[in-house]
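S.K.: Protein sequences appear in the order of chains A and B.
The number in the numbering used here is simply the position in the first sequence, starting from 1, with 3 added.
The number in the numbering used here is simply the position in the second sequence, starting from 1, with 22 added.
Even glycine gets a Cβ: it sits at the ideal position worked out from N, Cα and C.
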Amino acid sequence: MALDLSTIMITCLHGLVYGVLIFLVASGLSIVFGMMGVLNLAHASFYMLGAYIGYSVLGITGNFWLSLVLGPLAAAAAGSLTQRFLLRPVHAAGHLFELLLTIGLALVILEVVKWGWGTEPLATKIPAALEGSVQILGSTYPLYRLFVFVFGLAVLGVLALVLFKTSLGMIVRAAITDPVMVSALGTDTPMVFNAVFALGTGLAGLAGVIAGPILGIYPGMAQVVAIDAFVVVVVGGLGSLLGAVVASFLIGELQSFGVLLFPEFSLILIFLIMAVVLCIKPQGLFGEKG
Amino acid sequence: MVLALAVISCPFYLGIVDLRLMTEVLYFALFACSLNLITGFGGLLSFGHAAYFGTGAYVTALSLLHIEGLGLLPAILLGGLSAALIGAFFSIFLIRVSGTYYAMLTLAFNQLLFAVALKWRDVTGGDDGLGSFPKPNLEIPLLGSIDMLDTANFYWFTLAVVGLMLYLAWHLLRTPLGVSIILLRENEERANFLGHRTSVTRFYLFTIAAFLAGVAGSMFALFQEFVSTGAIDGLRSVDAILMMVIGGVGHFFGPMLGALFMVFVGDWLMRITQAWEFYIGAFFVAMVLFSRGGLIVPVLYGWHYLTLPLQRARLRRAES
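1) Quick one, which of B:Val287, B:Leu244, B:Phe69 and B:Gly303 has its alpha-carbon nearest threonine 128 of chain B's?
2) Let me check one thing: in DSSP terms, what residues is glycine 153 of chain B bridge-paired to?
3) If we define contact as Cβ-Cβ less than 8 Å, is isoleucine 13 of chain A a contact residue for chain B?
4) By the criterion of Cβ-Cβ separation under 8 Å, what are the contact partners of arginine 42 of chain B in chain A?
5) Below 8 Å, how does it come out for the region 234 to 247 of chain A and the region 24 to 37 of chain A: are there three or more Cβ pairs, yes or no?
6) Cα-Cα, which of A:Ile11, A:Asp181, A:Leu16 and A:Ser9 is closest to valine 301 of chain A?
7) List in chain order: all unbroken alpha helix (DSSP H) runs of 4+ residues lying wholly within the region 196 to 245 of chain B.
8) Can you grab the Cα-Cα spacing for the pair glycine 293 of chain A / phenylalanine 274 of chain A, in whole Å?
9) Who are the neighbours of alanine 278 of chain A on chain B, taking C-beta pairs under 8 Å?
10) Using DSSP's beta-bridge definition, name the partner residues of proline 158 of chain B.
11) The region 111 to 128 of chain A: which residues have C-beta closer than 8 Å to a C-beta of chain B, in chain order?
12) What's the call for histidine 326 of chain B, buried or exposed, on a 16-neighbour Cβ count within 10 Å?
13) Just how far apart, CA to CA, sit isoleucine 106 of chain A and phenylalanine 252 of chain A?
14) Which runs of the alpha helix (DSSP H) fall wholly inside the region 156 to 243 of chain A and span at least 4 residues, in chain order?
15) Determine which residues share a DSSP beta bridge with valine 137 of chain A and list them.
16) Considering only C-alpha positions, which residue in the set B:Phe176, B:Ala139, B:Tyr226 and B:Trp142 is nearest to leucine 107 of chain B?
17) So, is the C-beta of glutamate 341 of chain B closer than 8 Å to a C-beta in chain A?
18) Between which two residues does the alpha helix (DSSP H) carrying serine 48 of chain A extend?
19) So, is glutamine 138 of chain A buried or exposed, given that buried needs 16 or more other C-beta atoms within 10 angstroms?
20) Which two residues bound the contiguous beta strand (DSSP E) that contains isoleucine 168 of chain B?
21) May I ask which residues mark the beginning and end of the alpha helix (DSSP H) holding proline 285 of chain A?
22) Quick one, which of B:Ser221, B:Val119, B:Ile318 and B:Gly37 has its alpha-carbon nearest methionine 269 of chain B's?
23) Report yes if the C-beta distance between leucine 281 of chain A and methionine 266 of chain B is below 8 Å; otherwise report no.
24) Quick one: list the residues of chain A neighbouring tyrosine 80 of chain B, beta-carbon separation under 8 Å, in chain order.
25) Use the C-beta contact count for arginine 219 of chain B: other C-beta atoms within 10 angstroms, 16 or more gives buried, fewer gives exposed.
Pasting the structure below:
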């Protein structure tokens with residue numbers, strides 16, 4: 004296959020856009036794991052929930068920007084309730100049951116979505132302001148994808164600012180390292196846990212809303228993203244934001260070029276990378292804890 | 023005794039549909055039970071148990087398809103042994119990680135095999151799966167051959183195979199290796215201090231569990247007479263987890279009860295509602311929240327109170 008420069012360019016951009024989306028999902032997964040030790044297997048279900056609720060808001064009001072606010076908020080609220088009423092009571096029983104609970108939750112959310120919106124794929128419109136395409140280095144590229152990329156980067160910037168420059172971020176980072184000590188110092192850690200869990204699911208919901216027009220809205224959407232987000236979190240290191248950023252773009256590009264160059268093996272390659280990283284360095288490329 | 027008789031005599035009082043469901047219960051019970059060895063007794067949650075179930079199913083189907091005149095038992099043995107081989111190979115890496123990392127690595131391995139089964143079309147048939155492989159009769163020396171296409175015969179055969187495997191699993195837990203497995207769950211550090219080589223214990227545990235799951239997969243392939251990627255899908259692993267937890271993690275008979283519950287209640291729900299997985303999922307979440315011992319707990323209590331007079335009588339006899 005002849006690869007000209009513009010194809011490489013477009014594929015590379017597609018990879019970046021997908022990388023940003025995966026990052027929005029994986030960052031919440033990673034921070035929640037780092038803090039609470041819970042691998043939330045239902046995390047991508049909140050991504051799906053955000054996408055479907057965003058779709059309904061768009062259908063009722065016709066306003067994309069409103070759906071961009073309400074979709075993530077609904078996902079965050081659902082996440083907060085989940086943490087408070089499902090995960091917290093099970094915490095004392097150990098990690099095994101927390102994991103099991105999130106599996107059950109993923110099943111329930113999947114069925115609720117099928118129930119509420121049907122099993123058919125849904126099509127969303129791109130808002131009028133973001134329609135059309137732009138010229139980048141001689142190739143045309145859809146404006147909406149560019150918007151997703153820039154918007155995702157902005158969210159990443161805000162997240163990094165909050166996490167590394169504010170006292171709230173300091174508490175969160177401290178709680179990742181040693182939650183018991185932070186609570187002994189007088190911080191209401193259960194509340195911080197709840198807020199972080201809600202933030203994580205909200206980010207996943209946000210990714211769902213903006214991914215809708217590109218990746219489609221269908222009941223299998225959670226599973227596809229869940230797998231990639233797990234790979235990102237494992238490769239980047241559970242609990243590491245920097246790792247999540249690097250790994251997201253790595254997996255995004257790999258998916259993008261893999262589909263183009265070796266469609267037969269791209270799926271196998273992704274899991275091979277995950278398995279190899281887990282075997283050699285289980286804490287991930289940027290993870291600190293073993 | 024009564025229970026064993028009831029299970030053996032199923033073909034006499036169950037209709038053909040329920041008998042087929044009962045056969046499913048048997049191999050799923052074995053599948054969930056082998057997962058329970060790892061999770062319930064070894065204390066590690068495997069997310070990729072379908073890797074071994076699927077390997078067993080595919081290998082049995084492929085060997086029946088390509089090896090002319092292969093007998094029934096060798097085909098099952100091939101399925102189980104190749105699953106054990108894969109399990110032993112994965113174990114080399116799996117013994118080094120624990121907790122959530124173990125769960126993630128088993129998931130990665132499962133998905134790896136799933137991707138292979140999906141993409142290696144020439145061998146596995148990809149999405150279309152493998153069908154129309156022969157289902158040989160069971161040849162017993164001196165007694166002649168038994169027709170496996172008969173539902174009742176196949177039920178008894180499955181019962182015999184699964185029963186033997188379950189006995190092996192039960193016996194395993196009573197050997198020194200079994201004690202070592204339970205020590206893993208209780209306190210691995212202390213087990214090491216006591217001189218148990220826990221990594222060796224884990225290696226044997228994973229390999230044996232893989233073998234049992236592989237045999238369950240072989241029975242699945244023979245029963246369905248069709249194997250597709252559904253056999254090795256990550257969702258199949260979730261099935262095993264659901265059965266195990268609903269029945270009772272860590273109790274030997276829990277997963278069997280769970281398999282019985284999941285197959286029959288699942289079938290019943292499927293007939294009355296579209297969203298049957300919702301009810302199963304919600305029930306599962308409720309179990310994790312409120313009744314972590316599983317369905318086996320009330321059954322055990324019931325058994326305890328039913329046999330109370332007997333126990334008292336035995337005690338009195340012992341005293342006098």
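M.R.: With the structure as the only source:
1) In the second sequence, the residue the question calls residue 128 of chain B occupies position 106. It is B:Phe69 whose Cα lies nearest to the Cα of threonine 128 of chain B.
2) Within the second sequence, the letter at position 131 stands for residue 153 of chain B. Answer is B:Phe248.
3) As a first step, residue 13 of chain A must be located in the first sequence, where it is residue number 10. Closer than 8 Å: no.
4) Your numbering for residue 42 of chain B matches position 20 in the second sequence. Against arginine 42 of chain B, chain A offers no close residue; the least beta-carbon distance is about 25 Å (beta-carbon pairs closer than 8 Å).
5) Counting C-beta pairs closer than 8 Å gives three or more between the region 234 to 247 of chain A and the region 24 to 37 of chain A, which meets the contact rule.
6) Residue 301 of chain A lies beyond the stretch modelled for chain A, which goes from 4 to 293, so this question has no answer here.
7) List check, alpha helix (DSSP H) in window: 198 to 208 and 210 to 215.
8) Translated into positions along the first sequence, residue 293 of chain A becomes position 290. Translated into positions along the first sequence, residue 274 of chain A becomes position 271. A caution first: glycine 293 of chain A carries a pLDDT of 40, below 50, which makes its placement in the model too unreliable to give a value.
9) Taking the first sequence and counting its residues from 1, the one referred to as residue 278 of chain A is at position 275. Contact note: alanine 278 of chain A reaches chain B through Phe115, Leu127, Ala130, Phe131 and Leu134, using a C-beta cutoff of 8 Å and chain order.
10) Along the second sequence, read from residue 1 onward, the residue named residue 158 of chain B stands at position 136. Beta-bridge pairing links proline 158 of chain B to no other residue.
11) Of all residues in the region 111 to 128 of chain A, those with a C-beta nearer than 8 Å to a C-beta of chain B are Val111, Leu113, Glu114, Val115, Lys117 and Trp118, reading in chain order.
12) What you label residue 326 of chain B is simply residue 304 of the second sequence in a count that begins at 1. It counts as exposed.
13) Along the first sequence, one-based indexing puts residue 106 of chain A at 103. Along the first sequence, one-based indexing puts residue 252 of chain A at 249. Taking the CA atoms as reference points, isoleucine 106 of chain A sits about 27 Å from phenylalanine 252 of chain A.
14) The qualifying runs are 170 to 180, 182 to 187, 192 to 218 and 224 to 239.
15) Here residue 137 of chain A refers to the residue found at position 134 of the first sequence. The secondary-structure analysis by DSSP pairs valine 137 of chain A across a beta bridge with A:Tyr144.
16) What you label residue 107 of chain B is simply residue 85 of the second sequence in a count that begins at 1. Of B:Phe176, B:Ala139, B:Tyr226 and B:Trp142, the residue nearest in Cα terms is B:Tyr226.
17) Sequence index remark: in the second sequence, residue 341 of chain B carries index 319 (1-based). Glutamate 341 of chain B does not count as touching chain A.
18) Here residue 48 of chain A refers to the residue found at position 45 of the first sequence. Element bounds for serine 48 of chain A: 46 to 64.
19) Within the first sequence, numbered from 1, the residue matching residue 138 of chain A stands at position 135. Residue environment analysis places glutamine 138 of chain A among the exposed positions, since fewer than 16 neighbouring C-beta atoms fall within 10 angstroms of its C-beta.
20) The residue you call residue 168 of chain B lines up with position 146 of the second sequence. Isoleucine 168 of chain B: member of the beta strand (DSSP E) spanning 166 to 168, first to last residue.
21) Walking along the first sequence from the start, residue 285 of chain A turns up at place 282. Where proline 285 of chain A is concerned, there is no enclosing alpha helix (DSSP H), given that its DSSP letter is neither H nor E.
22) The residue given as residue 269 of chain B occupies position 247 in the second sequence. The identity of residue 269 of chain B in the sequence shown is glycine, whereas the question assumes methionine. Cα-wise, what sits closest to glycine 269 of chain B is B:Ile318.
23) For this step, residue 281 of chain A is matched to residue 278 along the first sequence. For this step, residue 266 of chain B is matched to residue 244 along the second sequence. No, these two residues do not count as a Cβ contact at 8 Å.
24) By one-based count along the second sequence, residue 80 of chain B stands at place 58. Listed along the chain, the chain A residues whose CB falls inside 8 Å of the CB of tyrosine 80 of chain B amount to none; the nearest CB is some 16 Å away.
25) For the purposes of this step, residue 219 of chain B is taken as the residue at position 197 of the second sequence. Result: exposed.
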